[in-house]
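Enquirer: Sharing a structure, written as structure tokens. Questions coming.
Numbering (the numbering used here), first residue to last: 135 to 609.
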């Protein structure tokens with residue numbers, strides 16, 4: 135007999151990874167889950183939030199890296215969604231994240247059902263997703279750890295595979311007979327032929343069952359996660375896990391730690407189309423195409439080009455006489471790749487990192503809690519930036535040891551504090567900040583403040599910032 139789910143499901147959203155196969159758009163400083171890659175204008179993180187918004191779900195628990203905390207908060211605020219944003223001191227793989235999320239959910243209510251999902255998946259049919267989660271939740275309430283399996287479209291080596299057993303559970307779900315990690319090509323073909331499903335990475339379980347299984351199979355991880363939560367500190371809108379305890383959690387995926395070993399696993403076949411947007415060829419597959427099978431985005435023009443993705447953010451990009459290619463242009467990098475070899479972009483990024491290329495990990499445009507800045511030019515003893523401060527945005531009170539700065543306002547109003555003196559600057563007015571002065575920038579207006587910053591000095595690196603006060607707890 136199945137147990138009806140009367141309580142709402144608690145989403146645990148894992149926001150991690152750098153998405154290097156989607157370089158140069160996805161980089162460590164702005165990974166793919168925060169980028170609007172598809173046709174709706176929302177990031178995949180925002181789409182994930184939208185999927186679990188509504189009467190069947192509790193406020194989400196978002197588990198992410200310290201570096202992404204403000205991106206998460208800003209994109210949640212843009213949707214009007216509140217939740218707990220949990221900051222991992224370091225990456226410990228998915229088992230630790232699941233444990234932390236489950237413990238936090240148990241502090242809200244001792245009993246209940248959780249849904250673990252990644253922030254970088256594409257699922258267009260939100261209603262089908264919710265229906266499948268609710269169906270799986272019935273078996274989860276009966277003590278099963280459920281996963282959503284996806285019918286394979288090809289023999290992929292990028293996903294784990296699930297073999298459903300004969301035992302029927304609630305609403306079309308079945309007990310899981312076998313859970314296998316990413317196979318080689320031959321095994322993948324064998325699994326597809328045998329009717330295996332892809333592991334989508336979405337798990338549904340009761341708090342009680344997950345805590346019991348963690349205790350049975352990885353007790354040291356459960357202890358570390360519990361101590362990390364017990365010692366956590368509230369910082370603004372964030373929960374900072376205790377770093378020493380969290381570092382003791384074994385670095386292991388939830389697949390290896392639990393799903394391959396538990397006797398309480400079940401699977402339900404998804405009724406929705408699913409993609410993890412693993413590389414640029416996946417983006418091409420998911421997006422609307424023209425009559426030649428092309429996806430053309432931004433400032434692009436093509437002739438005699440077919441079945442290709444051409445994307446440009448700022449620079450006119452042209453392609454003539456090519457088929458099955460990926461061409462992606464940003465303001466500081468260009469990628470040209472065979473669509474068939476799109477997965478190898480990750481290897482290219484590793485090569486760029488080994489060469490010390492900044493472009494491998496950072497964008498010219500860097501987002502901050504107060505807005506963003508974009509480097510325009512850099513050379514010996516100078517750097518030029520375009521800075522945008524949101525209404526109400528307040529930069530830290532700071533000083534520099536090696537550079538002076540000139541701020542020219544081009545839009546809005548700037549409130550500038552220099553050595554305690556406050557002045558206001560408007561469009562076409564400039565402030566001079568000598569080396570060593572304490573200074574701060576604030577946007578008191580209702581529109582964005584935009585200015586051009588010219589730095590002059592012996593060193594213009596970001597680490598020449600001595601923060602004295604900071605409303606975002608960075609001092």
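Glycine residues also receive a C-beta, built at the ideal position from the N, C-alpha and C atoms.
Could you compute how far the alpha carbon of residue 604 sits from the alpha carbon of residue 528?
Expert: Going by the C-alpha atoms only, they are around 8 Å apart.
Enquirer: Which residues in the same chain as residue 617 place their Cβ atom closer than 7 Å to its Cβ, once the five residues preceding and following it in sequence are excluded?
Expert: With the chain covering only 135 through 609, there is no way to say anything about residue 617.
Enquirer: With DSSP as the reference, label residue 541 as helix, strand or coil.
Expert: Strand at residue 541.
Enquirer: Report the residue ranges of all alpha helix (DSSP H) runs contained in full by the region 444-504; include only those spanning at least 4 residues, in chain order.
Expert: Complete alpha helix (DSSP H) runs here, min 4: 479-488.
Enquirer: Check each candidate in 294, 561, 401 and name the one with the smallest Cα separation from residue 636.
Expert: Shown here, the chain extends from 135 to 609; a query on residue 636 therefore has no answer.
Enquirer: Within the present structure, is the beta-carbon of residue 432 separated from the nearest heavy atom of the ligand GDP by less than 6 Å?
Expert: The ligand GDP is not part of this structure, which contains no ligands at all.
Enquirer: Residues in its own chain within less than 6 Å of residue 153 by CB, not counting five upstream and five downstream?
Expert: Only 160, 165, 166 meet the Cβ criterion.
Enquirer: Using DSSP with H/G/I as helix, E/B as strand and the rest coil, what is residue 234?
Expert: Helix, per DSSP.
Enquirer: Would you tell me roughly how many angstroms separate the C-alpha atoms of residue 410 and residue 255, rounded to the nearest one?
Expert: So the alpha carbons of these two residues sit roughly 4 Å apart.
Enquirer: If contact is defined by three or more beta carbon pairs under 8 Å, each pair taking one atom from either stretch, is the region 225-232 in contact with the region 384-396?
Expert: Yes, the region 384-396 touches the region 225-232.
Enquirer: Going by DSSP in three states, residue 157 sits in which element: helix, strand or coil?
Expert: Looking at residue 157 - three-state DSSP - the assignment turns out to be coil, as it is neither helix nor strand.
Enquirer: Exposed or buried, what is residue 287 when buried is set at 16 or more other beta-carbons lying within 10 Å of its beta-carbon?
Expert: Classification of residue 287: exposed, given that the 10 Å Cβ count is below 16.
Enquirer: Residue 391 and residue 352 - do their beta-carbons sit closer together than 7 Å?
Expert: Taking 7 Å as the Cβ cut-off, residue 352 and residue 391 qualify as a contacting pair.
Enquirer: Taking the beta carbon of residue 562 as the centre, do at least 16 other beta carbons fall within 10 Å, making it buried, or is it exposed?
Expert: Result: exposed.
Enquirer: For residue 265 and residue 213, what's the separation of their Cα atoms in angstroms?
Expert: When rounded, the distance between both Cα atoms is 22 Å.
Enquirer: Please report the Cβ distance between residue 375 and residue 222, rounded to the nearest whole angstrom; I am assuming they are in contact, meaning their Cβ atoms lie under 8 Å.
Expert: Contact holds; Cβ gap of about 6 Å.
Enquirer: Is DSSP giving residue 300 helix, strand or coil here?
Expert: Three-state result, residue 300: strand.
Enquirer: So does the region 488-497 actually touch the region 556-572, counting three or more Cβ pairs closer than 8 Å?
Expert: Not touching, per the Cβ criterion.
Enquirer: Taking the alpha carbon of residue 476 as the reference point, which residue from 362, 155, 456 has its own alpha carbon closest?
Expert: For residue 476, the nearest C-alpha among the options comes from 155.
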